[in-house]
Structures are given as C-alpha cells and as structure tokens.
Amino acid sequence: MVEFSRTIKINWLVAMKSALAALFLILAGGAVAQDVTFPRDELSIKTAAGQTYKFTIELAFTDAQRERGLMYRKVMAPDAGMLFDFGTPRPVSMWMENTILPLDMLFIQGDGTISHIRENAVPYARDIIDSHGPVKFVLELNAGRSKALGIKVGDKVISKRIGNQW
0 MVEFSRTIKI NWLVAMKSAL AALFLILAGG AVAQDVTFPR DELSIKTAAG
50 QTYKFTIELA FTDAQRERGL MYRKVMAPDA GMLFDFGTPR PVSMWMENTI
100 LPLDMLFIQG DGTISHIREN AVPYARDIID SHGPVKFVLE LNAGRSKALG
150 IKVGDKVISK RIGNQW
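Structure follows, in structure tokens:
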C-alpha cells in the first residue's frame with residue numbers, strides 16, 4: 000500500500016512538472032510573438048478624382064514583421080494601416096488567420112499604382128487572397144475605407160518607402 004501511494008505521488012509530481020513546462024512554453028511563445036515591433040511612417044493615397052487621403056502606417060518589411068502583420072489587433076484608427084514591403088515585385092498571397100479586424104487589402108506596384116483591391120477580407124479566414132499579378136507592396140486598411148473614400152484600382156499610393164514622395 001505504501002509503494003502504491005508513493006507511485007501516485009511520483010506520477011502526480013511528473014504530471015505537474017509537465018503541465019508547468021507546457022504553460023511556460025505557451026506563455027513564452029506569446030511573449031516572443033509580441034516582441035515584433037513596427038516602425039511608423041505616413042503615406043498618402045491620391046485618387047483619380049483628385050482627392051488625397053493621409054494615413055499613419057506601420058511598416059512591415061522584415062520576414063518577422065510580414066508574418067505577424069495585424070494579427071491579434073483588436074482596434075485600428077480609421078486613418079491607420081500597415082504597409083507590407085516585399086522588396087521586389089512578385090505575386091503575393093495573403094490570408095487573415097489570427098486577424099481579428101476585417102480589412103481592405105490594396106495591392107500596389109513598385110511605382111505606387113494600386114493594381115488590385117480586396118475589400119472586406121473576413122477575419123480568421125484561411126482563404127488565400129491573391130495579388131492578381133506581381134506587386135511590391137500591400138497596404139492593409141480597415142474594411143470599408145477604400146469604398147468610403149472612393150479609392151480604386153489605378154489610384155496612387157505616395158510614400159517615402161515606395162520612393163515616389165515629392
């Protein structure tokens with residue numbers, strides 16, 4: 000009976016150590032994910048109708064920044080967004096996994112011309128959102144902003160990062 004009780008205590012201690020180790024890894028993983036920081040900048044979108052809209056953006060130009068993007072964000076100011084820089088023009092695929100906010104995605108060529116817009120991307124969706132051709136940048140805005148502001152394919156995104164700011 001004493002041996003049986005000792006075995007139960009040992010098994011319980013092993014289980015508790017394993018549970019604590021798992022909890023530590025989960026919490027440490029979350030802390031690492033939150034360590035990604037994004038520099039801020041400003042950009043403008045000039046529409047064919049002659050309107051210019053200014054946005055304060057976060058820049059995602061490293062692999063870690065692009066992988067993290069706007070995941071887990073619960074709010075974003077109406078005049079805010081995130082600009083993903085892929086370095087060279089190429090076909091780009093995006094998705095919304097772990098993204099709480101519905102977004103508009105503006106796919107942008109190297110000269111700042113918007114070549115495709117995906118409006119109202121659905122939060123948490125794993126559907127692939129395709130650029131429909133080579134692009135160098137993707138700008139994510141709150142869902143509905145592109146329609147509300149009249150932003151369309153062919154309009155220009157102007158910023159230092161894109162290299163077309165005068």
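Counting from 1, position 119 in the sequence shown corresponds to residue 118 in numbering that gives the first Met the number 0; the numbering is continuous, with no gaps.
Glycine included, C-beta positions come from ideal geometry on N, C-alpha and C.
Comparing C-alpha positions only, which one of ALA47, GLN164, ALA124 sits nearest to ASP110? With distances taken between CA atoms, ASP110 lies nearest to GLN164 out of ALA47, GLN164, ALA124.
Alpha carbon to alpha carbon, how far is GLN64 from GLY80? Give it in angstroms, no decimals. 14 Å
Nearest-angstrom Cα separation, counted from ARG67 out to ALA32: With a pLDDT of 48 at ALA32, under the threshold of 50, the modelled position of this residue cannot be trusted; read the value that follows with caution. If I take the Cα positions, the gap works out to 8 Å.
According to DSSP, THR55 sits in a beta bridge with which residue or residues? GLU41, ALA79
Check whether the Cβ atoms of TYR123 and MET95 sit closer than 8 Å, and answer yes or no. yes
Cβ neighbours of ALA48 in the same chain (closer than 8 Å, five flanking residues each side left out): GLY149
The beta strand (DSSP E) that contains ALA120, what's its start and end? 113–120
Within the same chain, show all residues whose beta-carbon is closer than 7 Å to that of LYS45, passing over the 5 residues directly before and after it, in chain order. THR51, ASP154, LYS155, ILE157
By the DSSP assignment, the alpha helix (DSSP H) with SER130 in it spans what residues? Not the alpha helix (DSSP H): SER130 falls in the beta strand (DSSP E), residues 128–141.
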